[in-house]
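Protein chains in written order, with numbering that gives the first Met the number 0: chain A, 0 to 256; chain B, 0 to 281. Take a look at the structure set out below.
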Amino acid sequence: MSSEFTPTEMMTIAASRALTNDDVCFVGIGAPSAACNVARLTHAPDITLIYESGTIGTRPDVLPLSIGDGELCDTAQFTVSVPEMFRYWLQGGRITTGFLGGAQIDRFANLNTTVVGEYDHPKVRLPGGGGAPEIASNCGQIFITMALTNRGFVDHLDFITSMGHGEGGDHRARLGMKTKGPSRVITDLCILEPDPVTKELTVVSIHQGVSRKQIQDNCGWPIKFATDLIETPAPTDTELLVLRDINARTKKAHEAA
Amino acid sequence: MARLCSLSQAVEENLRDGDSVALEGFTHLIPYAAGHEIIRQGRKELFLIRMTPDIIYDQLIGAGAARGMKFSWGGNPGVGSLHRFRDAVENQWPRPLEIEEHSHAAMANAYEAGAANLPFATLRGYIGADLPKVNANIRDVTCPFTGEVLAAVPSIRPDVSIIHAQRADRQGNVLIEGIIGVQKEAILAAKRSVVTVEEIVDELSPPSSNSVVLPSWAISCVVHVPGGAFPSYAHGYYKRSNSFYIAWDKIARERDSFQAWIRQNVMNGSPEDFLRHIGKAA
């Protein structure tokens, strides 16, 4: 593999590899949506992609800008109302995997997309949780993808929009949750997974050409590295081609409309 | 029976200052023309309700029409922040905005409970999340059969719900297709309702006996506003203007450019403008 690739391309492709052909995946908008569709167009052609607007089994030709672009409905197996989406399909336990992004994450993979600063007097008012609080608790497991930066990977979250592993350890189980919660976090520099016991996010795979120092410098807490650390396989020609194609189609479509 | 009338009549007759109002639409079929009419008529002190307040709520908030908002995701989808919403929350401009924030699952359940004439909705939700700490309307209820503790939220019962749909017949029966969101629930949960439509037809001809049809006798007013969902879209009629959603970021970022846009496009505009937006001559 000799092609050059960007850190963001590596992130999207590494994220796409987390998914399998058998997954029924609740797709977040943005980076997760790109990863899920690259998976569908490469190694997981039969994956079921679901967007919270109610579109089930959708196969978009271009990536949606919003969670409810017409493209999603036009290419879906079927489309349901939003109450049905959240009640029967998500709360009903039919979704194996939720794929989320976020503005901020802590070491136990809790996410904040609500506010920076105090809730009543925020420094920055973010869009809010949308579907995330219940996606995080009702899907079989959660994957998260976001770039590794000091602003995003913080020591302390001002607000927990959706719970990952809470305070760590068996916190989810103590709250009665039977689902696994976040099992992988894919960034532009590395892949993290929760420690099996403490649930603290630990670097398990480093992308080509990235140093440990670079990872630590971009993370707001003293980050742990697994003992059996591996290098993330570089994108294949096919993966890069598929990603670049869909990005090019998407750019053209969004500028035209 | 629904009355077929003009948009200005429908808003004037159904929406009063201080009302709670839901202009629903989950990305698709967002009733923009109706939102502009509300701003033009100078409605004040509204309590806005919507799962995904996007640009039209940014406009209502920036224009000073709202005292509060109940919502679950307030952003410009795929683009970023709603700058007028942020300015209201962060800097109280043009006035303070009381917020009641939920998750999508809770809002969807709450609309359904409203349509079902129930006082509250229950869901397995908010576990480990911080919203219940800042929203007194998120509470617990214990299942009388299993003892499981579930989240409870009050049902949504807007004074007025407004939606946009594909078409209506001359009796005011409405057909809605594609991403249908919570529109049916929003209409059935409301005291009064307005539906704007792309087309008025002689025969509604629903494509299936399971099609979503809102009968005339469940709606207050039906209004013919072709293009009325622009820059959102109407499945089968026109596409979402993603380029406008991207352009809005710059328009709304500064108070001056926002106010100039509202003056030109809303205060000096009319429902007929929407026909032009979708590429047809008025």
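Idealized CB from N, CA, C, for every residue including glycine.
Subject >> Nearest residue (CA-CA) to I28/A, options E133/A, P63/A, G165/A, P44/A >> reply: P63/A
Original post:
On the three-state DSSP scale, how would you describe C72/A?
Top reply: helix
Original post:
H163/B CB to nearest chain A CB: under 7 Å?
Top reply: no
**OP:** Go ahead and label M106/B buried or exposed: buried means 16 or more other beta carbons lie within 10 angstroms of its beta carbon, across all protein chains shown.
**Re:** buried
Original post:
Quick one: which chain B residues come within Cβ less than 8 Å of T160/A?
Top reply: A128, D129, L130
**OP:** With a floor of 4 residues, list each alpha helix (DSSP H) that falls wholly inside the region 179 to 217 of chain A, ordered by position along the chain.
**Re:** 211 to 216
**OP:** Specify the secondary structure class of Q140/A as computed by DSSP and reduced to three states.
**Re:** strand
**OP:** Identify, in the order they occur along the chain, each residue of the same chain with its Cβ nearer than 6 Å to the Cβ of V241/A, setting aside the five sequence neighbours on each side.
**Re:** V37, L40, T41
Original post:
Mind pulling the chain B residues with CB within less than 8 Å of P126/A?
Top reply: W72, G73, G74, S80, L81
Original post:
Can a CB atom of chain B be found closer than 7 Å to the CB of D68/A?
Top reply: yes
Subject >> Neighbourhood of Y237/B by C-beta distance below 6 Å, restricted to the same chain and skipping five residues each side >> reply: I277
**OP:** Taking only beta-carbon positions, decide if V196/B is within less than 7 Å of chain A.
**Re:** no
Original post:
For E166/A, is the classification buried or exposed, using 16 other Cβ atoms within 10 angstroms of its Cβ as the cut-off for buried?
Top reply: exposed
Original post:
In three-state terms, what does DSSP make of C4/B?
Top reply: coil
Original post:
Does any C-beta atom of chain A lie closer than 7 Å to the C-beta of T26/B?
Top reply: yes
Original post:
Is the beta carbon of P93/B sitting closer than 7 Å to the one on G73/B?
Top reply: no
Original post:
What's the gap between the Cα of R173/A and the Cα of I126/B?
Top reply: 11 Å
**OP:** Pair every Cβ in the region 213 to 233 of chain A with every Cβ in the region 216 to 233 of chain B, then say whether three or more of these pairs are closer than 8 Å.
**Re:** no
Original post:
When the Cα atoms are used, what is the spatial distance from S1/A to H253/A?
Top reply: Confidence is the limiting factor: at S1/A the pLDDT is only 45, short of 50, which leaves the residue's position unreliable, though a coordinate-based value still follows. Taking the straight line joining both Cα atoms gives about 31 Å.
**OP:** Name the residue from T95/A, D73/A, Y118/A whose alpha carbon lies nearest to the alpha carbon of S136/A.
**Re:** T95/A
Subject >> Cβ distance (whole Å) where F158/A is taken to contact Y118/A below 8 Å >> reply: 6 Å
Original post:
DSSP three-state call for H223/B: helix, strand or coil?
Top reply: strand
**OP:** Please go through the same chain and pick out, in chain order, the residues whose beta-carbon is closer than 7 Å to the beta-carbon of G101/A, but skip the five residues on each side of it.
**Re:** L110, N111, T112, I143, M145
Original post:
Beta-carbon of C72/A versus every beta-carbon of chain B: anything under 7 Å?
Top reply: yes
**OP:** Using the Cα positions of N172/B and E197/B, report the straight-line distance between them to the nearest angstrom.
**Re:** 13 Å
Subject >> Presumed contact (8 Å Cβ cut-off) between A150/B and L122/B, rounded CB distance >> reply: 5 Å
Original post:
How is M10/A classed by DSSP in three states: helix, strand or coil?
Top reply: helix
Subject >> Coarse secondary structure for V265/B, derived from DSSP in three states >> reply: helix
Original post:
Opposite M68/B in the DSSP bridges: which residues?
Top reply: L47/B, I98/B
Subject >> Same chain only: Cβ atoms within 7 Å of I12/A, ignoring 5 sequence neighbours per side >> reply: V37, P234, E238, L242
**OP:** Return the residues of the region 39 to 73 of chain B that lie within a Cβ-Cβ distance of less than 9 Å from chain A, sorted by chain order.
**Re:** M50, T51, D53, F70, S71, W72, G73
Original post:
For R191/B, which residues does DSSP report across the bridge?
Top reply: V159/B
Original post:
Is the region 7 to 23 of chain B in contact with the region 151 to 162 of chain B, if contact means three or more CB pairs nearer than 8 Å?
Top reply: yes
**OP:** Please check if any C-beta of chain A sits within less than 7 Å of the C-beta of N286/B.
**Re:** Chain B is shown from 0 up to 281; residue 286/B falls before or after that span and cannot be answered.
**OP:** Could you list which residues in chain B have their beta carbon closer than 8 Å to that of P121/A, in chain order?
**Re:** V88, E89
Subject >> Cβ-based neighbour list, A188/B, same chain, cut-off 6 Å, excluding 5 preceding and 5 following >> reply: Y110, G113, A114, I155, R156
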